[in-house]
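Asker:
Number of protein chains: 2
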Amino acid sequence: MKVGYLGPKNSFTDQAAQSCFKKEDLLPYQTIVSCIQAVHNGAVNFAVIPIENSLEGSVNDSIDRLFHLGGLKVLGEIVLPIHQQLLVSPGNTLIDKVLSHPQALAQSQQFLTDHYPDCLLEAVSSTTYAAQYVANHPEEKIAAIASKKAAKEYGLTILSEDIQDNALNQTRFWIIGLLDSQLTIVLGNKTKATLFIRLPKNAPGSLHQILAAFAWRHLDLSKIESRPLKTHLGQYFFVLDLLINQNEKLFENALEEIRLLGGVVTELGSYPVRVIKES
Amino acid sequence: MKVGYLGPKNSFTDQAAQSCFKKEDLLPYQTIVSCIQAVHNGAVNFAVIPIENSLEGSVNDSIDRLFHLGGLKVLGEIVLPIHQQLLVSPGNTLIDKVLSHPQALAQSQQFLTDHYPDCLLEAVSSTTYAAQYVANHPEEKIAAIASKKAAKEYGLTILSEDIQDNALNQTRFWIIGLLDSQLTIVLGNKTKATLFIRLPKNAPGSLHQILAAFAWRHLDLSKIESRPLKTHLGQYFFVLDLLINQNEKLFENALEEIRLLGGVVTELGSYPVRVIKES
């Protein structure tokens, strides 16, 4: 079995993937789109990609690609706690520049403003790259924001611990596969479903009508989000997450009625969720 | 009068700002947050910032800062057509690298995949910076993605015209000011309102209940979006755009009822919209 993931090695996606798959089955890819394409063309059986962070919101690239490309489904979700560390070369304490992935810089914004207001912030391609760069340039007054795992891997010192803006910082990852694929590992019962919905018409109240189909059946909507259809400004599709540990027949009836009303519904998958307590 | 905008000079935000304000009143700022802070601390009277692109969706940084910082309102909206050009130094036709802002690279993705599949893509801080860099390095086999205005400004040749993935590519910009400020230019009648809403509780159907308050009054919701509250994963606030060229009393009644139901409503502003036909 081969499992692609958004690399490089030691990224948070790597940690999420390692919590479910054997290390020797994992293959890093450079971008989200290359992960998705690897599943499409059969180069890997599954891929693990980031979907949403509790501070920074959805990973639009993942959502948009899955919608516009089609042909893939979600087989499982992994929720990982994200702790960011400020890392320096051993002995270094003076820093005038901080390197990291833009998401990690954004997640540590308050800490950086409070403690390093004059530091230059430089966005690089990954937290791993930032850690590697700091390790390779011990003479420079630089720090990286990355994980404890990266600190260990590259022999760096943790100058400040858990610097992310919120102690409960978490990221959701999806395990994706082809429509006819089955997950060979056991994650648990299916508790969640994700749908892409295009409204029947751009009339006042049509979103309300769609939501009514779920609401009057007491089906629990855990997330709703709009993304541009990439046609005109003001044209969207909706991404809905529903908890489905309720009557499945009610869920099916709701979808059937939305389709009868002219809504276009794509079921991206019904899947189990594994929440990792500590990374 | 002073008006801040997301710079540098010749950016698309600059074009949007120039369509409403005098050139000599405009001041470029490097980031969205510095634009917003300049309004806050009185360094400028207004600021123009990007809000949403038809291909790439909302500018999360603008939405999140306005929500979390508070104390500002939207005074007007400008909708600008966005045409991207592939620019080279005069005489150059062979290129192996394309520089631009990440949004411009994303908007031209299909063109780049079709015509320059092997080109290296490099993200830089602005389309203006990309054009400047190409002009300053005529010996390199590089191109920039930027506007016609930038081509003229830096003496570059348009190698391919209008390369964005969709002919109807548009970006929405907001003119923001302090809560007690008034726009001194005439943009037209107020036709749109934007609200931030936090739901009363995380119970099944509470979003449906909120939308019902608008739907049964036939108030036209033109956009709904969720953004993380930055507390826990799964906790959101909603951004709603409504068309208000209808009975204003109905709109006020809807807001009053949502508040009675326990929803927290922030009125970000009721404002006119100016659509620019050609840039």
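First to last, the protein sequences are chains A and B.
Taking our numbering as reference, the numbering of the first sequence is continuous, increasing by one, and the terminal residue is 293.
Taking our numbering as reference, the numbering of the second sequence is continuous, increasing by one, and the terminal residue is 293.
The beta carbon of each residue, even a glycine, is placed where N, CA and C say it ideally should be.
Closest Cβ-Cβ distance between A:VAL93 and chain B: below 8 Å?
Answerer: For the purposes of this step, residue 93 of chain A is taken as the residue at position 79 of the first sequence. Answer yes: the Cβ-Cβ gap between A:VAL93 and chain B drops below 8 Å somewhere.
Asker: Rounding to the nearest angstrom, what Cα-Cα distance links A:LYS87 and A:LEU254 in this structure?
Answerer: Taking the first sequence and counting its residues from 1, one reaches residue 87 of chain A at position 73. Taking the first sequence and counting its residues from 1, one reaches residue 254 of chain A at position 240. For A:LYS87 and A:LEU254, the distance between alpha carbons rounds to 14 Å.
Asker: Could you work out which residues of chain A lie near B:ASN74, taking near to mean beta carbons separated by less than 8 Å?
Answerer: Numbered from 1 along the second sequence, position 60 holds the residue referred to as residue 74 of chain B. Correct list: GLU70, GLY71.
Asker: How many Å lie between A:VAL58 and A:LEU282 at the Cα?
Answerer: Taking the first residue of the first sequence as position 1, residue 58 of chain A is located at position 44. Taking the first residue of the first sequence as position 1, residue 282 of chain A is located at position 268. For A:VAL58 and A:LEU282, the distance between alpha carbons rounds to 19 Å.
Asker: Out of A:PHE81, A:GLU70, A:ARG273, state which residue places its alpha-carbon closest to the alpha-carbon of A:PRO214.
Answerer: Within the first sequence, residue 214 of chain A is the residue found at index 200, counting from 1. Among A:PHE81, A:GLU70, A:ARG273, the Cα nearest to that of A:PRO214 belongs to A:ARG273.
Asker: Would you mind reading off the limits of the beta strand (DSSP E) that contains A:PRO64?
Answerer: Your numbering for residue 64 of chain A matches position 50 in the first sequence. Boundaries of the beta strand (DSSP E) around A:PRO64: 60–67.
Asker: Note the first and the last residue of the continuous alpha helix (DSSP H) segment covering B:LEU269.
Answerer: Locating residue 269 of chain B in the second sequence gives position 255, counting from the first residue. First-last of the alpha helix (DSSP H) with B:LEU269: 262–274.
Asker: Measure the CB-CB distance between A:VAL73 and A:GLN184 and report whether it falls below 8 Å.
Answerer: Along the first sequence, one-based indexing puts residue 73 of chain A at 59. Along the first sequence, one-based indexing puts residue 184 of chain A at 170. In this structure, A:GLN184 does not lie closer than 8 Å to A:VAL73 by Cβ.
Asker: Measuring only from the beta carbon, is A:HIS232 closer than 7 Å to any heavy atom that is part of the ligand NAD?
Answerer: The model depicted lacks the ligand NAD and carries no ligand whatsoever.
Asker: Can you check whether the CB of A:PHE187 is closer than 8 Å to the CB of A:ALA52?
Answerer: Residue 52 of chain A sits at position 38 when you count from the first residue of the first sequence. Residue 187 of chain A sits at position 173 when you count from the first residue of the first sequence. No, the pair does not count as a contact, with Cβ atoms beyond the cut-off.
Asker: I need the boundaries of the beta strand (DSSP E) containing B:LEU197, first residue and last residue.
Answerer: Mapped onto the second sequence, residue 197 of chain B falls at position 183. That residue, B:LEU197, is in no beta strand (DSSP E); it is neither H nor E in DSSP.
Asker: Is DSSP giving B:PRO242 helix, strand or coil here?
Answerer: Counted from its first residue, the second sequence places residue 242 of chain B at position 228. The answer is strand: DSSP assigns B:PRO242 an E or B state.
Asker: Whole angstroms are fine: how far does the CA of A:VAL200 sit from the CA of A:ASP194?
Answerer: If you number the first sequence from 1, residue 194 of chain A lands on position 180. If you number the first sequence from 1, residue 200 of chain A lands on position 186. Distance between the alpha carbons of A:ASP194 and A:VAL200: 17 Å.
Asker: DSSP three-state call for A:LEU252: helix, strand or coil?
Answerer: As a working mapping, residue 252 of chain A is identified with position 238 in the first sequence. Before going on, a small fix: residue 252 of chain A reads as Phe here, not Leu. Assignment of A:PHE252 by DSSP, reduced to helix, strand and coil, places it in the strand class.
Asker: For the beta strand (DSSP E) containing A:GLN121, name the first residue and the last one.
Answerer: Taking the first residue of the first sequence as position 1, residue 121 of chain A is located at position 107. Note, A:GLN121: premise wrong, no beta strand (DSSP E); alpha helix (DSSP H) at 116–121.
Asker: What does B:VAL289 pair with, by DSSP beta-bridge criteria?
Answerer: For the purposes of this step, residue 289 of chain B is taken as the residue at position 275 of the second sequence. Looking at the DSSP assignment, B:VAL289 forms a beta bridge with B:VAL93.
Asker: For B:PRO294 and chain A, any beta-carbon pair shorter than 8 Å?
Answerer: Residue 294 of chain B lies beyond the range of chain B shown here (15 to 293); nothing can be said about it.
Asker: Is any beta-carbon of chain A found at less than 8 Å from that of B:ILE272?
Answerer: As a first step, residue 272 of chain B is located in the second sequence; it is residue number 258 there, counting from the start. Not one beta carbon of chain A lies nearer than 8 Å to the beta carbon of B:ILE272.
Asker: From the DSSP output, which residues share a beta bridge with B:ARG212?
Answerer: Indexing the second sequence from 1 puts residue 212 of chain B at position 198. DSSP lists B:VAL278 as partners of B:ARG212.
Asker: With distances taken between CB atoms, is the gap from A:GLY276 to A:ILE224 smaller than 8 Å?
Answerer: Within the first sequence, numbered from 1, the residue matching residue 276 of chain A stands at position 262. Within the first sequence, numbered from 1, the residue matching residue 224 of chain A stands at position 210. In this structure, A:ILE224 does not lie closer than 8 Å to A:GLY276 by Cβ.
Asker: Show which residues of chain A have a CB atom less than 8 Å away from the CB atom of B:ARG186.
Answerer: Residue numbering aside, residue 186 of chain B sits at position 172 when the second sequence is read from its first letter. Within chain A, the residues near B:ARG186 are LEU247.
Asker: A:THR45 by DSSP, collapsed to three states: which one?
Answerer: Here residue 45 of chain A corresponds to residue number 31 of the first sequence, with the count starting at 1. In this structure, A:THR45 counts as coil in the three-state DSSP scheme.
Asker: Using a C-beta to C-beta distance shorter than 8 Å, which residues of chain A count as neighbours of B:GLU244?
Answerer: What you label residue 244 of chain B is simply residue 230 of the second sequence in a count that begins at 1. The sequence shown places Lys at residue 244 of chain B, rather than the Glu named in the question. Result: SER68, LEU69, ASP179, ASN180.
Asker: How long is the line joining the alpha carbons of A:LEU173 and A:PRO64, rounded to whole angstroms?
Answerer: The count along the first sequence starts at 1 and reaches residue 173 of chain A at position 159. The count along the first sequence starts at 1 and reaches residue 64 of chain A at position 50. The alpha-carbon atoms of A:LEU173 and A:PRO64 are separated by roughly 27 Å.
Asker: What does B:ASP234 pair with, by DSSP beta-bridge criteria?
Answerer: Residue numbering aside, residue 234 of chain B sits at position 220 when the second sequence is read from its first letter. BP columns for B:ASP234 point to B:LEU257.
Asker: If we ignore side chains and look at the alpha-carbon of each, how far apart do A:LEU83 and A:LEU243 end up?
Answerer: Taking the first sequence and counting its residues from 1, the one referred to as residue 83 of chain A is at position 69. Taking the first sequence and counting its residues from 1, the one referred to as residue 243 of chain A is at position 229. Their backbone Cα atoms lie some 12 Å apart in a straight line.
Asker: Go through its chain and collect everything with a Cβ distance to B:HIS151's Cβ below 6 Å, but skip five positions before and after it.
Answerer: Taking the first residue of the second sequence as 1, we reach residue 151 of chain B at position 137. Same-chain partners within the cutoff: there are none.
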